[in-house]
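Numbering (our numbering), first residue to last: 123 to 402.
#1: Excluding the 5 residues preceding and the 5 following residue 393 in the sequence, name in chain order all residues of the same chain whose CB lies nearer than 7 Å to its CB.
#2: Could you work out which residue in 241, 248, 244, 206 is closest to residue 230 when comparing CA atoms only?
#3: Need the endpoints of the alpha helix (DSSP H) that residue 180 sits in, please.
#4: For residue 381, is the classification buried or exposed, using 16 other Cβ atoms within 10 angstroms of its Cβ as the cut-off for buried?
#5: Looking at C-alpha atoms only, which residue of 321, 300, 309 is the closest neighbour of residue 389?
#6: Around the Cβ of residue 220, are there at least 16 other Cβ atoms within 10 angstroms (buried) or fewer (exposed)?
#7: What whole-angstrom Cβ distance do residue 369 and residue 266 have, given they're in contact under 8 Å?
#8: Is the beta carbon of residue 119 less than 9 Å from the beta carbon of residue 191?
#9: Is it buried or exposed for residue 360, if we count other Cβ within 10 angstroms and need 16 for buried?
#10: If we count the other Cβ atoms within 10 Å of its Cβ and call it buried at 16 or more, is residue 402 buried or exposed?
#11: Measuring straight from C-alpha to C-alpha, what distance separates residue 147 and residue 362?
#12: In terms of residue numbering, what span does the beta strand (DSSP E) encompassing residue 376 cover?
#13: Assuming residue 322 contacts residue 316 under a Cβ cut-off of 8 Å, what Cβ separation, rounded to an integer in Å, is found between them?
#14: Span of the alpha helix (DSSP H) holding residue 335?
#15: Going by C-alpha distance, which of 237, 258, 342 is nearest residue 303?
#16: Could you have a look at residue 130 and say whether DSSP puts it in helix, strand or coil?
#17: With a threshold of 8 Å on Cβ separation, who are the neighbours of residue 162 within its own chain once the five nearest residues in sequence on each side are excluded?
#18: Closest to residue 242 by CA distance: which of 133, 374, 184 is it?
#19: Suppose the cutoff is 6 Å on Cβ atoms and the five residues either side in sequence are ignored; what does the same chain contact list for residue 349 look like?
#20: Taking the beta strand (DSSP E) that residue 357 belongs to, which residues open and close that run?
#21: Find out if the Cβ-Cβ distance for the pair residue 383, residue 340 is shorter than 9 Å.
#22: Please state if the CB of residue 144 and the CB of residue 131 are separated by a distance shorter than 9 Å.
#23: With 16 other CB atoms within 10 Å as the buried threshold, where does residue 400 fall?
#24: Quick check on residue 366: buried or exposed, where buried means 16 or more other Cβ atoms within 10 Å of its Cβ?
#25: Considering only the beta carbon of each residue, do residue 338 and residue 300 sit closer than 9 Å?
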C-alpha cells in the first residue's frame with residue numbers, strides 16, 4: 123500500500139505507526155468516495171435485468187445488450203453480498219454458520235440490539251434526564267469522578283518482595299517475535315469492531331506483509347519500555363446496562379473499544395500468561 127509506505131518518518135516506533143495509520147486512513151477515505159456505489163444500485167440493476175428480459179421475449183438481444191445485462195447481474199450480486207455482510211456485522215449474531223445472505227434476519231437482530239442498548243433516560247439524584255446533551259454530561263461526570271481521579275502511589279522494593287520466590291520463566295519476559303505476533307493476529311476474530319482509528323483486525327491480517335515492520339517495531343518498543351502510547355491509546359467507551367430497565371448512572375458497566383494495535387499487544391501478553399498458568 124503506497125499510502126502506508128509513504129507516511130512521514132517519525133523518530134519513535136509508536137509515532138511512526140500512528141503516522142502510517144493516519145496516512146492510510148486519509149487515502150482510504152478518498153478511495154471510498156471514488157468507488158462508492160450509489161444507493162440506488164440494486165434498484166437500477168434489477169430494472170436493467172427486467173428490461174432486457176422483456177426485450178428477450180419479443181426479439182433477439184444484441185451482443186452489447188447481453189453484455190449490459192451480464193454486468194447488471196454481476197453488480198446486483200455484489201451489491202446484495204455487500205449489504206448482507208454489512209448487516210451481518212451489525213447484528214453480531216455469531217451462532218449462524220450458513221445463510222449469511224439472510225439480510226432481513228440480521229437487520230432485525232441489529233434493530234433489536236439498538237433498541238436494547240439505547241439509553242433513553244438517565245436518573246441523577248432523583249432528576250430524570252432525557253435529552254442527549256444532558257445524558258452525556260451526567261454520565262461523563264459520573265464516570266470521570268470514579269475513574270479519572272489519580273490515586274497515591276507507594277514505592278515498593280520488588281526485589282526484596284520476591285527475593286525468596288521462584289523467578290519468572292524467560293518465555294514470559296522474552297522480546298516479542300514477528301512469528302509470535304502474527305500467530306496471535308491470526309487467532310483473533312477478524313470481524314471484530316475497529317477502534318477509533320477505523321482499522322479492524324481484517325485490515326492487519328490482509329495487509330500483514332506491508333504493516334509487519336511497523337507492528338513489530340511497536341511491539342519491540344513496548345518491550346523496551348520506551349513506547350509513547352499517547353498517539354494510539356484512544357478508545358470509545360460504551361455503557362452496558364447491568365439489568366433490565368437501568369436508568370441510574372451507577373447501573374451501567376463501561377467497556378472500552380480500543381485500537382487493534384493495542385488489542386494485538388494485549389492478546390500476546392494474555393497468551394503468554396495462559397501458557398505459564400497451564401505449565402504450572
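Beta carbons are placed, not taken as given, at the ideal position from N, Cα and C, and that holds for glycine.
Looking at the atomic coordinates:
#1: Once the five neighbours on either side are set aside, the close Cβ partners of residue 393 are 306.
#2: Of the residues 241, 248, 244, 206, the one whose Cα lies closest to the Cα of residue 230 is 206.
#3: Boundaries of the alpha helix (DSSP H) harbouring residue 180: 163-180, taken from the DSSP string.
#4: It is buried - the Cβ of residue 381 has at least 16 other Cβ atoms within 10 Å.
#5: It is 309.
#6: At residue 220 the pLDDT is 48, less than 50, meaning the model places this residue with poor confidence and gives no usable figure here.
#7: In fact, because the Cβ distance is near 20 Å, the residues do not count as touching under 8 Å.
#8: An answer regarding residue 119 cannot be provided, because it is not within the stretch 123 to 402 covered by the chain.
#9: Counting Cβ neighbours within 10 Å, residue 360 comes out exposed, since fewer than 16 surround it.
#10: With a pLDDT of 48 at residue 402, under the threshold of 50, the modelled position of this residue cannot be trusted; read the value that follows with caution. Exposed, since its Cβ has fewer than 16 Cβ neighbours within 10 Å.
#11: Taken atom to atom, the span from the alpha-carbon of residue 147 to that of residue 362 is near 29 Å.
#12: First-last of the beta strand (DSSP E) with residue 376: 374-380.
#13: Between residue 322 and residue 316 the beta-carbon gap is near 4 Å, inside 8 Å, which marks them as a contact.
#14: Unbroken alpha helix (DSSP H) run through residue 335: 330-346.
#15: It is 342 whose Cα lies nearest to the Cα of residue 303.
#16: In this structure, DSSP gives residue 130 a state outside helix and strand, which the three-state scheme calls coil.
#17: In the same chain as residue 162, and ignoring 5 residues on each side of it, no C-beta atom comes closer than 8 Å to its own.
#18: Between residue 242 and the set 133, 374, 184, the nearest pair of CA atoms involves 374.
#19: Correct list, in chain order: 136, 343.
#20: For residue 357, the uninterrupted beta strand (DSSP E) segment begins and ends at 357-363.
#21: Going by C-beta atoms, residue 383 is nearer than 9 Å to residue 340.
#22: With respect to the 9 Å criterion, residue 131 and residue 144 are not classified as neighbours on the basis of their beta carbons.
#23: In this prediction, residue 400 scores a pLDDT of 47, lower than 50, which makes its location untrustworthy; the coordinate-derived value is nonetheless stated afterwards. Residue 400 counts as exposed, since fewer than 16 other beta carbons sit within 10 angstroms of its beta carbon.
#24: Residue 366 is exposed by the Cβ-count criterion.
#25: Contact: yes.
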